[in-house]
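Using UniProt numbering, the first residue of the sequence shown is number 1, and each one after it goes up by one.
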Amino acid sequence: MKKITKAIFPVAGLGTRFLPATKAIPKEMLPIIDKPLIEYAVEEAVLAGIEEIIFITSHTKPSIEHHFSPNYELEEKLVQRGNLEAIKKINRDIFKNIKFTYVHQESQKGLGDAILQARDRIDQELFAVLLADDLIINAPSATQQLIDIAELHNASVLA
Numbered sequence: 001m002k003k004i005t006k007a008i009f010p011v012a013g014l015g016t017r018f019l020p021a022t023k024a025i026p027k028e029m030l031p032i033i034d035k036p037l038i039e040y041a042v043e044e045a046v047l048a049g050i051e052e053i054i055f056i057t058s059h060t061k062p063s064i065e066h067h068f069s070p071n072y073e074l075e076e077k078l079v080q081r082g083n084l085e086a087i088k089k090i091n092r093d094i095f096k097n098i099k100f101t102y103v104h105q106e107s108q109k110g111l112g113d114a115i116l117q118a119r120d121r122i123d124q125e126l127f128a129v130l131l132a133d134d135l136i137i138n139a140p141s142a143t144q145q146l147i148d149i150a151e152l153h154n155a156s157v158l159a
């Protein structure tokens, strides 16, 4: 069985269950201690061997793309101030070799349609789908457990 190296993150939804907090901040970007919720899920995927993260997003959520993209102006100011700890927090080694791809979904038509938006980036490859609505910390991670089962049985796994 070929290794699972791509993960789809459908994050284009409106987050209406969390209103009014999500009127200005996507629910995936709500902070949990010192990181946005989505970062925990991306970390989980990367630690499970995922090499490409495909975000299915919308035009109303540029903060997700901004969060996982370099911010050279901020980095320059942090270097000038000698704040190396802050630089480590925004330039995490764990994401250094990860490819981040963004697909903009024009209108939200459900989870299946969101996943379908990634078809051109997936082709015939195996992939994972992670929903960053909940934070579940476990060892090994749920993503790792599902990938292990898929590889062991050479089959699709839903959970």
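All residues carry an ideal CB built from backbone N, CA and C; glycine is no exception.
In the DSSP annotation of this structure, the continuous segment of the alpha helix (DSSP H) that includes Lys88 starts and ends at 84-90.
Rounded to whole angstroms, the gap between the alpha carbons of Ser141 and Lys77 is 36 Å. Taken in chain order, the complete beta strand (DSSP E) segments of 3 residues or longer contained in the UniProt domain "Nucleotidyl transferase" (11-155) are 52-57, 99-104, 127-129. In this model, Gln117 and Ala139 are separated by some 31 Å (Cα to Cα). In this structure, Glu51 sits near Thr5, with a CB-CB distance shorter than 8 Å. Taking Thr143 as the centre and dropping the five residues before and after it, the same chain places the C-beta of Glu44, Ala45, Ala48, Ala128, Leu130 closer than 7 Å to its C-beta, in chain order.
Residue pairing for Ala7: DSSP places it in a beta bridge opposite Ile53, Ala128.
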